[in-house]
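Participant: Just so we're aligned, residue 114 is where the sequence shown starts under our numbering, counting upward by one. Have a look at this one before I ask anything.
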Amino acid sequence: MKLLIADDDSDMMEALTLTLTLQLKDCELATARTGGEALRLFAAGGADVVLLDLMLPDIDGYEICRKIRERSEVPILMLSARDQELDKVRGFEMGADDYITKPFGQLELLARIKAALRRRQLSPEASIPAFVNGWLTINFVTHEVLVRGQPVRLSPIEYNLLAQLARNLGRVMTHKSLLANVWGEEYLDEVDYLKVHIRHVRGKVEEEPAHPRLIITERGLGYRMARI
């Protein structure tokens, strides 16, 4: 497994390197102190997971995240001392899969990395290769999503969330069940994550995102994909 870490804090980089080397088997680390170096390393060798600090000296983490997401579906975990909701929302908008607030513990970091890898390794349901509901088409094998026949680009989290709702068409999916199935059991209390990504998915697949007909909010419970 190859991890790319981008952080200009020497102490943080040392701690991350030690933790990941000791705790993850067969872990190969690529480290960068600047955004430019991170992009060069990713272009040259890719990664299975990217740990990306928000505040880098040349290019901020948001822009690096956006550039990586344009070319890859690799899990991206943003690291930042900023804990405001708007900072997290912007990270998700750029394509981040997770946002970890500093300071964080070793166990939390490892759990989130493993959860990101599990999400990536989930195999599609071969018995249901395609799904059609009104103007929405999902190919569960290729992960292609079409809206009125036109391809729509979703982040890995956005795709998994949409697919989870589609596979349970007409059923109410509770907040906790969506968080557990899309993010992992470690994320059961992260309802804000869910709300942000639901908004993003609606913006890409609904005809009128402000008045959704496809992804319906069941207040106090969760969400449901309606039959069109």
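Note that beta-carbon positions come from the ideal geometry of N, C-alpha and C, so glycine has one too.
Would you mind sorting residue 138 into buried or exposed? The rule is 16 or more other CB atoms within 10 Å of its CB.
Facilitator: One-based indexing of the sequence shown puts residue 138 at position 25. The residue is exposed, with fewer than 16 neighbouring Cβ atoms inside 10 Å.
Participant: Return the CA-CA distance between residue 263 and residue 296, expressed in angstroms with no decimal places.
Facilitator: As a working mapping, residue 263 is identified with position 150 in the sequence shown. As a working mapping, residue 296 is identified with position 183 in the sequence shown. Their backbone Cα atoms lie some 27 Å apart in a straight line.
Participant: Can you tell me whether residue 126 is helix, strand or coil according to DSSP?
Facilitator: Walking along the sequence shown from the start, residue 126 turns up at place 13. Three-state result, residue 126: helix.
Participant: For residue 215, which three-state DSSP category applies?
Facilitator: Position 102 of the sequence shown, counted from the first residue, corresponds to residue 215. Three-state result, residue 215: coil.
Participant: May I have the straight-line CA-CA distance separating residue 291 from residue 259, to the nearest angstrom?
Facilitator: Within the sequence shown, numbered from 1, the residue matching residue 291 stands at position 178. Within the sequence shown, numbered from 1, the residue matching residue 259 stands at position 146. Straight-line Cα distance between these residues: approximately 22 Å.
Participant: What does the Cβ neighbour count give for residue 273, buried or exposed, with the cut at 16 atoms within 10 Å?
Facilitator: Counting from one through the sequence shown, the residue named residue 273 turns up at place 160. With 16 or more Cβ atoms within 10 Å of its Cβ, residue 273 is classed as buried.
Participant: In terms of DSSP beta bridges, what is residue 166 paired with?
Facilitator: Taking the sequence shown and counting its residues from 1, the one referred to as residue 166 is at position 53. Answer is 192.
Participant: Whose C-beta lies closer than 8 Å to the C-beta of residue 277 among residues of the same chain, with five residues either side of it excluded?
Facilitator: Here the question's residue 277 lines up with position 164 in the sequence shown. Around residue 277: 286, 291, 294 and 295.
Participant: In the DSSP assignment, what residue or residues form a beta bridge with residue 264?
Facilitator: Within the sequence shown, numbered from 1, the residue matching residue 264 stands at position 151. DSSP output for residue 264 lists 259 as bridge partner(s).
Participant: Touch check for the stretch 165–179 and the stretch 202–216: three-plus C-beta pairs under 8 Å?
Facilitator: At 8 Å Cβ cutoff, the stretches touch.
Participant: Would residue 249 pass as a contact of residue 318 if the rule is Cβ separation under 8 Å?
Facilitator: Position 136 of the sequence shown, counting from 1, holds the residue named residue 249. Position 205 of the sequence shown, counting from 1, holds the residue named residue 318. Yes, the pair counts as a contact, with Cβ atoms nearer than the cut-off.
Participant: Which residues in the same chain as residue 64 place their Cβ atom closer than 6 Å to its Cβ, once the five residues preceding and following it in sequence are excluded?
Facilitator: There is no way to answer for residue 64, as the model of the chain reaches only from 114 to 341.
Participant: In the DSSP assignment, what are the bridge partners of residue 155?
Facilitator: For the purposes of this step, residue 155 is identified with residue 42 of the sequence shown, where counting begins at 1. Its beta-bridge partners do not exist; DSSP assigns none.
Participant: Quick one: residues in its chain with C-beta nearer than 6 Å to the C-beta of residue 121, no 5 flanking neighbours on either side, listed in chain order?
Facilitator: For the purposes of this step, residue 121 is taken as the residue at position 8 of the sequence shown. 146, 169 and 170.
Participant: Would you kindly report the start and end of the unbroken beta strand (DSSP E) that includes residue 289?
Facilitator: Counted from its first residue, the sequence shown places residue 289 at position 176. Run containing residue 289: none in the beta strand (DSSP E); it sits in the alpha helix (DSSP H), 288–291.
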